[in-house]
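Contents: one structure, followed by commentary.
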Amino acid sequence: MRLSKLCVPCSRSSDVDPTSADRLPTRKPSWRIMTAIAMTAGLAACSSDNTENLGQIGAVSGFLGGVVADEPRAVRIARDVLSAGGTAADAAVALYATMTVTKSSVAGIGGGGVCVVHDRQSKKVEVLDFWPRPGTRTADSQTATTIPGVPRGLYALSARYGRLQWPQLLSAAEQYARLGVPVSRSMVDDIEANRDRIEASPILRDVFMPDGNTLQVGDRIRSVNLGALLTSLRVKGPGEFYNGALGAQIATAVQNAGGTLTAEDMRDYKPQWKSATEVKVGNETLYLAYPPRAESGRAVIDASTELGAVLNRYLADIDAADSNIQSNTGRSGFVVLDRAANAVACMTTMNKPFGAGLGADAFGLNLAAGDAGYAQTPLMGPALMVNPFVFEYYYGIAGTGTPAGATKQIATMAEDLIEKGAAANVPMNSAGKPAVNIVRCLEGIPPHPESCQFIADPAGGGMAGTQ
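In terms of our numbering, the sequence shown opens at residue 390 and continues consecutively.
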């Protein structure tokens, strides 16, 4: 499925507050869906926009940037958004929305995430935190659930740094949910690894074991109820989801199913824009989603550089981590870069694979888990490296933030950004096969797009999409 000329472009706004005014503009763009065609590869040294065709695949010629994520179909949709003239933020929104259907084990409407965002035009790098937070109601005998962060989080990203209309970015996910989409190997691996949990949850069983057997590669995954929810979000924006009758109905359905979500929790949820943690790396600056918590760390990595010292502190955080933190917490990471050097690196989460397995079945909404050991912020988040003077992009990385995932991310960054062999002493743990995805431009972009490399970790089962 490919995106076509779905709508006219909308003006970018850096001062939109989607939590106080999260309804869509009154104009109604036209949109339609076309069949997917094969993705092409290869980098070109220059590119240009066809403004008349903005919103249509092929509007950008030459180098358009690229995407790296753990789910191939979502990568293709995000790549199409870049080809249509969308920004990295547009592509990230479309990618995440698609993953709520094609990789919902780690990314669902009921989940959340955190992103580091670089916008070259405004000369800003900032963090968008839309983690699924616990509500005000204690669990007692109920199943602990969290407040969904995705609708308002993605809308905030689109409103501040997007170029295309919101409905365009959700249309592929909506159609996949309504009509069905072939299951990827990556998703089948998650289904097989969590078969017992799926069998025990009606909301999961209906989607992933519709005839009593788990879906296999090539089978179609379909959720008409989720498709209807995505239609509501596409047409009305997130306002009705959080503030309207829909939000109240969702909260009631969750409580009836044994969860803890309330209508007040829904109304009060707000994504947060924050300053990134900054670390000097030569002439560039590395911007991290979360600061290390430890004041110092053991000298595993050469601490003569600022980055080495900071990475040692992250390793100390891992050493001190609660032993209840699970190795597989239903997370994934992706990085998106557009031709103008705008970039977004995100971590998605359901807090455990397939979330709570509980939610509002009539709306196809499965919430992120609230269990101790799962519902915790990551030990390390996504990161971007940019030159803070000319705002050229050099590096982006995203992983899972679990103890094993953070260790792998630290080792990768030490190897890539300090010197070869710098990660030699980092203790690696393969638990949960954590993946890290990387987009690096060794000589910087915009000047040298030919130096960009898009690297998908085989452990994640994903792919890189470029042109």
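Think of the CB as a built atom: it goes at the ideal place given N, C-alpha and C, for glycine as much as any other residue.
From the options, residue whose alpha carbon lies closest to that of residue i
i: residue 804; options: 702, 793, 759, 696; result: 696
i: residue 843; options: 833, 735, 826, 850; result: 826
i: residue 794; options: 656, 720, 607, 684; result: 720
i: residue 608; options: 673, 571, 579, 625; result: 571
i: residue 442; options: 467, 603, 474, 455; result: 474
i: residue 521; options: 500, 505, 506; result: 500
i: residue 849; options: 836, 788, 831, 800; result: 788
i: residue 515; options: 760, 666, 801, 802; result: 666
i: residue 911; options: 780, 802, 718; result: Shown here, the chain extends from 390 to 856; a query on residue 911 therefore has no answer.
i: residue 537; options: 447, 754, 709, 797; result: 754
i: residue 852; options: 733, 752, 722, 750; result: 722
i: residue 681; options: 542, 641, 700, 724; result: 700
i: residue 494; options: 756, 654, 636; result: 756
i: residue 841; options: 454, 446, 447; result: 454
i: residue 897; options: 633, 661, 828, 780; result: Lying before the first or after the last residue shown, residue 897 is absent from the chain, which here runs from 390 to 856.
i: residue 824; options: 845, 451, 472, 542; result: 845
i: residue 655; options: 661, 632, 662, 641; result: 632
i: residue 550; options: 766, 833, 847, 731; result: 731
i: residue 526; options: 652, 854, 446; result: 652
i: residue 724; options: 444, 445, 485, 446; result: 485
i: residue 577; options: 634, 815, 855, 743; result: 743
i: residue 624; options: 806, 447, 800, 560; result: 560
i: residue 489; options: 472, 504, 462, 476; result: 462
i: residue 472; options: 492, 491, 444; result: 444
Counted within 10 angstroms of its Cβ, other Cβ atoms place residue i as buried (16 or more) or exposed
i: residue 778; result: exposed
i: residue 741; result: buried
i: residue 596; result: buried
i: residue 792; result: buried
i: residue 557; result: buried
i: residue 837; result: exposed
i: residue 760; result: buried
i: residue 460; result: buried
i: residue 831; result: exposed
i: residue 709; result: exposed
i: residue 664; result: exposed
i: residue 672; result: exposed
i: residue 510; result: exposed
i: residue 738; result: buried
i: residue 669; result: exposed
i: residue 627; result: buried
i: residue 496; result: buried
i: residue 601; result: exposed
i: residue 833; result: buried
i: residue 767; result: buried
i: residue 584; result: exposed
Three-state class that DSSP yields for residue i in the structure shown
i: residue 800; result: helix
i: residue 843; result: strand
i: residue 488; result: helix
i: residue 697; result: helix
i: residue 461; result: helix
i: residue 832; result: strand
i: residue 515; result: strand
i: residue 532; result: coil
i: residue 918; result: This structure does not reach residue 918, given that the chain is present from 390 up to 856, and the question cannot be answered.
i: residue 786; result: strand
i: residue 447; result: coil
i: residue 453; result: coil
i: residue 852; result: strand
i: residue 826; result: strand
i: residue 542; result: helix
i: residue 600; result: coil
i: residue 706; result: helix
i: residue 555; result: helix
i: residue 563; result: helix
Integer Cβ distance of residue i from residue j, believed to fall under 8 Å
i: residue 449; j: residue 458; result: In fact, because the Cβ distance is near 20 Å, the residues do not count as touching under 8 Å.
i: residue 534; j: residue 747; result: 6 Å
i: residue 650; j: residue 502; result: Not really, about 18 Å apart at Cβ, beyond 8 Å.
i: residue 861; j: residue 574; result: No statement about residue 861 is possible, as the shown extent of the chain runs from 390 to 856 and does not include it.
i: residue 466; j: residue 483; result: 5 Å
i: residue 657; j: residue 683; result: 32 Å between Cβ atoms; not a contact.
i: residue 599; j: residue 729; result: Their Cβ separation, rounded to whole angstroms, is 43 Å, which puts residue 599 and residue 729 out of contact at 8 Å.
i: residue 478; j: residue 506; result: 7 Å
i: residue 752; j: residue 618; result: 5 Å
i: residue 580; j: residue 604; result: 6 Å
i: residue 726; j: residue 828; result: 5 Å
i: residue 689; j: residue 553; result: Contact doesn't hold; Cβ gap of about 44 Å is too wide.
i: residue 758; j: residue 745; result: 4 Å
i: residue 660; j: residue 508; result: Incorrect: roughly 16 Å between the Cβ atoms, too far for contact.
Exercise. Should the region 771-787 be regarded as contacting the region 668-680, the criterion being three or more beta carbon pairs within less than 8 Å?
Worked result: Per the Cβ contact rule, the region 771-787 is in contact with the region 668-680 (3 or more Cβ pairs under 8 Å).
Exercise. Are there three or more Cβ pairs, one per stretch, closer than 8 Å when the region 541-549 is compared with the region 584-591?
Worked result: No, the region 541-549 is not in contact with the region 584-591.
Exercise. Per the contact definition of three or more C-beta pairs closer than 8 Å, is the region 779-787 in contact with the region 643-662?
Worked result: No: the two stretches stay apart, fewer than three of their Cβ pairs being nearer than 8 Å.
Exercise. Should the region 565-585 be regarded as contacting the region 603-622, the criterion being three or more beta carbon pairs within less than 8 Å?
Worked result: Touching, yes.
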